[in-house]
Amino acid sequence: MEITGLKAASARSFMRALVGRGVAARLRPGLFNLIPAELGRDKEYMGNPYVVAREIMGDRDHYISHASAMDIHRMTTQPQLVIYTSSPAAMRKRTILGTEFRFIKCQQARFFGFSEAWVSKQEKVMVSDIERTVLDGLKAPEHCGGITETAKGLWMRRSDIGPQKLVEYALRLNVRAVIGRLGYLMETLEIGTESDFARLREKLGRAYVLLDPMLPAEGKYFAKWRLRLNVSVDEIRAVGHT
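Given below as structure tokens:
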């Protein structure tokens with residue numbers, strides 16, 4: 373309505389006409405996307421899914437996260453079938469033109485570690501930075517393809533990652549399972565220093581957690597990082613050769 377200058381009823385009729393002519397695609401009530409002329413009359417065109425996620429969130433605080441952030445940062449080679457967005461606001465998942473959009477509730481105190489990134493020649497979105505993306509993957513591996521996939525992303529961008537920043541973020545996040553998993557991965561993949569590892573170990577609890585909560589509770593207990601290693605160390609080290 374603001375763009376066209378039309379009243380609400382007229383604007384709705386106008387958009388229905390554009391959709392009918394194949395000029396625009398309806399993503400959800402009140403949200404449309406113009407279809408590039410080279411695609412012809414394609415009523416199922418969604419455009420960039422990260423831009424769609426941004427528009428769904430509107431003025432709510434948010435950032436693109438988890439596997440979606442890994443894709444933006446080139447930390448994965450896996451196809452993205454779900455678009456993840458983290459926000460202090462509670463949002464219900466939805467499916468638009470076959471793409472699922474999931475929204476992860478994030479406490480306001482843990483809402484940090486993100487910035488704008490280009491996702492096309494014209495569009496930017498808010499996305500977790502590389503370090504926060506790693507930590508989100510360690511906190512909720514189920515949204516990133518498992519702990520091995522998160523380890524692979526850490527390894528792929530190791531030259532761009534600040535080990536001290538990883539540690540600072542982990543301590544600020546203050547989730548003991550994340551601290552243990554991060555320390556174990558950093559030490560196993562030889563990222564960071566003994567000083568970094570010592571800072572993390574100071575904040576470990578006494579309880580053991582699974583290295584990968586998506587997998588069965590099996591494997592040996594590793595006291596140093598308070599982990600039950602249900603993923604072999606060889607499998608973690610192997611990400612450095614992929």
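This note's numbering runs 372 ahead of the 1-based position in the sequence shown. Here a beta-carbon is modelled for each residue, glycine too, at the ideal position from N, C-alpha and C.
Problem - Cβ contact check for the region 547-555 and the region 503-523: 3 or more pairs under 8 Å - result: yes
Exercise for the section: Name the residue from Arg530, Gly518, Met558, Met429 whose alpha carbon lies nearest to the alpha carbon of Val539. Expected result: The count along the sequence shown starts at 1 and reaches residue 539 at position 167. With distances taken between Cα atoms, Val539 lies closest to Met558.
Handout entry: Spatial neighbours of His434 in its chain, beta-carbon cut-off 7 Å, leaving aside the 5 residues before and after
Key = Translated into the one-based positions of the sequence shown, residue 434 becomes position 62. So the qualifying residues of the chain are Thr457, Ser458, Ser459, Met498.
Exercise for the section: Measure the alpha-carbon distance for Gly430 versus Lys524 and round it to whole angstroms. Expected result: Mapped onto the sequence shown, residue 430 falls at position 58. Mapped onto the sequence shown, residue 524 falls at position 152. Using only the alpha carbons, I get a separation of about 32 Å.
Practice task
Work out the CA separation of Gln452 and Ser487 for me, nearest whole Å.
Solution key: Here residue 487 is taken as the residue at index 115 of the sequence shown, counted from 1. Here residue 452 is taken as the residue at index 80 of the sequence shown, counted from 1. Ser487 and Gln452: Cα-Cα distance of roughly 21 Å.
Practice task
Please report the Cβ distance between Thr520 and Glu607, rounded to the nearest whole angstrom; I am assuming they are in contact, meaning their Cβ atoms lie under 8 Å.
Solution key: Numbered from its first residue, the sequence shown carries residue 520 at position 148. Numbered from its first residue, the sequence shown carries residue 607 at position 235. With 8 Å as the limit, Thr520 and Glu607 qualify as a contact, their Cβ atoms being about 6 Å apart.
Problem - Contact check, Val439 vs Val423, beta carbons under 8 Å - result: Position 67 of the sequence shown, counted from the start, is the residue given in the question as residue 439. Position 51 of the sequence shown, counted from the start, is the residue given in the question as residue 423. Looking at the sequence shown, residue 439 is not Val but Ala. No, the pair does not count as a contact, with Cβ atoms beyond the cut-off.
Exercise for the section: Leaving aside the five residues before and after Pro368 along the sequence, list all residues of the same chain whose C-beta is less than 7 Å from its C-beta, in chain order. Expected result: What the structure shows of the chain is the stretch from 373 to 614, and residue 368 is not part of that stretch, so it cannot be assessed.
Practice task
Check the DSSP bridge columns for Glu472 and list the partner residues they point to.
Solution key: Residue numbering aside, residue 472 sits at position 100 when the sequence shown is read from its first letter. DSSP lists Val454, Thr467 as partners of Glu472.
Exercise for the section: Could you please give me the residues that DSSP links to Met498 through a beta bridge? Expected result: Residue numbering aside, residue 498 sits at position 126 when the sequence shown is read from its first letter. DSSP output for Met498 lists Glu488 as bridge partner(s).
Exercise for the section: Provide the residue span of the alpha helix (DSSP H) that contains Arg609, from first to last. Expected result: The residue given as residue 609 occupies position 237 in the sequence shown. From DSSP, the alpha helix (DSSP H) with Arg609 extends over 605-609.
Handout entry: From Gly517, Gly518, Tyr556, Cys516, residue whose alpha carbon lies closest to that of Pro535
Key = Here residue 535 refers to the residue found at position 163 of the sequence shown. Looking at the Cα atoms, Tyr556 is the closest of the given residues.
Practice task
Using only alpha-carbon positions, find the residue among Asp584, Val611, Ala542, Arg482 that is nearest to Lys575.
Solution key: Position 203 of the sequence shown, counting from 1, holds the residue named residue 575. Cα-wise, what sits closest to Lys575 is Ala542.
Practice task
Check whether the Cβ of Asp431 lies closer than 7 Å to any heavy atom of the ligand GDP, and answer yes or no.
Solution key: The ligand GDP is not among the ligands present in this structure, which contains no ligands whatsoever.
Exercise for the section: For Tyr352, name the three-state secondary structure that DSSP assigns. Expected result: Because the chain spans 373 through 614 in this model, residue 352 falls outside it and cannot be assessed.
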